[in-house]
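What follows is one structure encoded as structure tokens, with my remarks underneath.
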Ligand SMILES: Cc1cc2nc3c(=O)[nH]c(=O)nc-3n(C[C@H](O)[C@H](O)[C@H](O)COP(=O)(O)OP(=O)(O)OC[C@H]3O[C@@H](n4cnc5c(N)ncnc54)[C@H](O)[C@@H]3O)c2cc1C
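Residue numbers (our numbering): 8 to 383.
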């Protein structure tokens with residue numbers, strides 16, 4: 008019951024070459040970030056070794072809601088005000104391009120039916136209308152709907168349709184990335200917890216643990232807060248009520264119907280928000296029962312829950328990830344993480360971004376995402 012639905016997918020075969028001795032880059036974490044970075048670095052000819060305490064995609068990358076959304080964790084209009092209009096526009100475009108790149112690599116792990124960002128009440132409607140207008144002003148593809156078709160019809164106060172968003176089988180995608188990375192020469196060591204970065208036989212180290220691995224880099228401990236999310240999946244339904252990812256209440260509730268008819272539903276973190284600031288990967292009765300009641304509403308009847316699980320993601324103060332060299336570590340220790348619950352596309356994009364930065368290539372957005380931005 009507590010095995011994430013995504014991780015039941017068969018693991019593809021992987022040729023896993025062993026590298027002897029010191030490597031150019033050691034990566035801690037074999038989720039979407041670590042695997043995207045490993046692939047990029049190995050393709051550039053570097054010797055790369057990935058260490059994971061469990062297995063590929065066993066962290067948030069195999070435990071999430073499967074939403075593959077463009078953009079950041081903040082609303083677009085808010086991002087424009089906070090980071091500046093030009094930076095926000097460039098950031099959104101970058102994630103749109105990352106989603107297109109994921110589509111090239113993911114095969115059947117990605118579908119692109121679009122997504123609905125729903126307003127739960129009039130106040131939220133006003134907020135997402137501002138977002139919609141800002142998106143349109145800057146030429147991003149988006150549509151406004153006063154009501155949506157399907158199971159959510161008549162229940163919400165308007166929605167933004169993001170027509171190019173996707174639904175991803177995240178474990179399948181990340182395992183495929185890992186297969187590509189090892190084919191390009193990277194080594195992946197599973198069941199290999201890193202306790203001390205100094206002990207790694209590597210010129211440089213990339214920490215790609217998002218909400219896990221808290222304390223591994225003490226300087227980052229107050230910057231990326233481990234946060235728990237809980238998810239359930241139902242038995243398959245025989246009709247399609249939700250034809251794309253739906254999310255509402257500032258993203259606190261999110262659900263989609265999977266190709267086999269199941270509803271996958273996550274969220275309700277606000278039921279006990281302080282308790283969810285934890286890296287203890289277990290479900291709780293309070294949130295599970297809220298999820299279950301909402302599932303029955305979404306299905307229009309009582310349906311059986313077949314899967315329940317929890318996962319941990321990294322939350323930052325400004326909802327932007329931390330990507331780049333960790334200050335004060337002489338360029339040896341790098342980080343990419345803190346996607347604030349929005350890491351399927353951003354994790355891939357930031358994995359490639361940090362790899363490009365380590366390779367000395369042009370790496371836009373590094374200034375915006377600089378881990379040193381919170382210093383003094
Ligand atoms: C419940 C939930 C729902 C979510 N829903 C969505 C969604 O729908 N859409 C979206 O875009 N994002 C979502 N997210 C966020 C997204 O899943 C993550 O941001 C993303 O997967 C992070 O990928 P990552 O590779 O950086 O980290 P992870 O996938 O978490 O991987 C980190 C890895 O590091 C390993 N590790 C940790 N410490 C050590 C150590 N000391 N030594 C060795 N290995 C270590 C772990 O075992 C783990 O495999 C969700 C997250 C959760 C938890």
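Idealized CB from N, CA, C, for every residue including glycine.
CB-CB under 6 Å to residue 269, same chain, minus the five flanking residues each way: which ones, in chain order? 240, 241 and 243
Distance cut-off 7 Å: residue 59 Cβ against heavy atoms of ligand 1: yes
Of the residues 219, 175 and 293, which one's Cα is nearest the Cα of residue 262? 175
Which runs of the beta strand (DSSP E) fall wholly inside the segment 334 to 375 and span at least 3 residues, in chain order? 340 to 344
Tell me the start and end of each unbroken alpha helix (DSSP H) in the segment 83 to 137 that is at least 4 residues and wholly inside, in chain order. 83 to 90 and 92 to 113
What residues in its chain sit with their C-beta under 8 Å from that of residue 209, if we drop five residues either side in the sequence? 29, 30, 31, 32, 33 and 56
Whose CA, out of 246, 20 and 125, lies closest to the CA of residue 308? 246
If contact is defined by three or more beta carbon pairs under 8 Å, each pair taking one atom from either stretch, is the segment 160 to 171 in contact with the segment 188 to 204? no
If you measure between the beta carbons of residue 297 and residue 310, is that distance less than 8 Å? no
With contact counted as at least three CB pairs below 8 Å, one residue from each stretch, are the segment 344 to 360 and the segment 214 to 226 in contact? yes
Would the beta-carbon of residue 231 fall within 8 Å of that of residue 340? no
Note down, one range per segment and in chain order, each beta strand (DSSP E) of at least 3 residues found wholly within the segment 147 to 197. 150 to 152, 166 to 169, 173 to 175 and 194 to 196
Those residues which DSSP pairs with residue 316 across a bridge: 238
Work out the CA separation of residue 82 and residue 123 for me, nearest whole Å. 14 Å
Name the residue from 368, 118, 52 and 35 whose alpha carbon lies nearest to the alpha carbon of residue 191. 52
DSSP puts residue 254 in a beta bridge; with which residues? 124 and 261
Quickly, what does DSSP pair residue 34 with across the bridge? List them, please. 57 and 213
At the level of alpha carbons, what is the spacing between residue 234 and residue 322? 6 Å
Whole-Å CB distance - residue 172 paired with residue 75, under 8 Å assumed: 6 Å
Start and end residues, alpha helix (DSSP H) containing residue 41: 39 to 50
Compute every distance between the C-beta of residue 65 and the non-hydrogen atoms of ligand 3, then say whether any falls below 7 Å. Looking for ligand 3 in the displayed structure turns up nothing; the ligands present are ligand 1.
Can you give the Cα-Cα distance for residue 158 and residue 120, rounded to whole angstroms? 16 Å
I'd like the list of long-range same chain contacts for residue 280, defined as Cβ closer than 7 Å, with 5 residues on each side in sequence excluded. none
Start-to-end residues for the beta strand (DSSP E) that takes in residue 329: 329 to 332
Contact check, residue 23 vs residue 189 under 8 Å by CB: the rounded distance? 5 Å
Residue 71 Cβ short of 7 Å to ligand 1 heavy atom set: yes
Could you check the C-alpha separation between residue 131 and residue 77 for me, to the nearest Å? 20 Å
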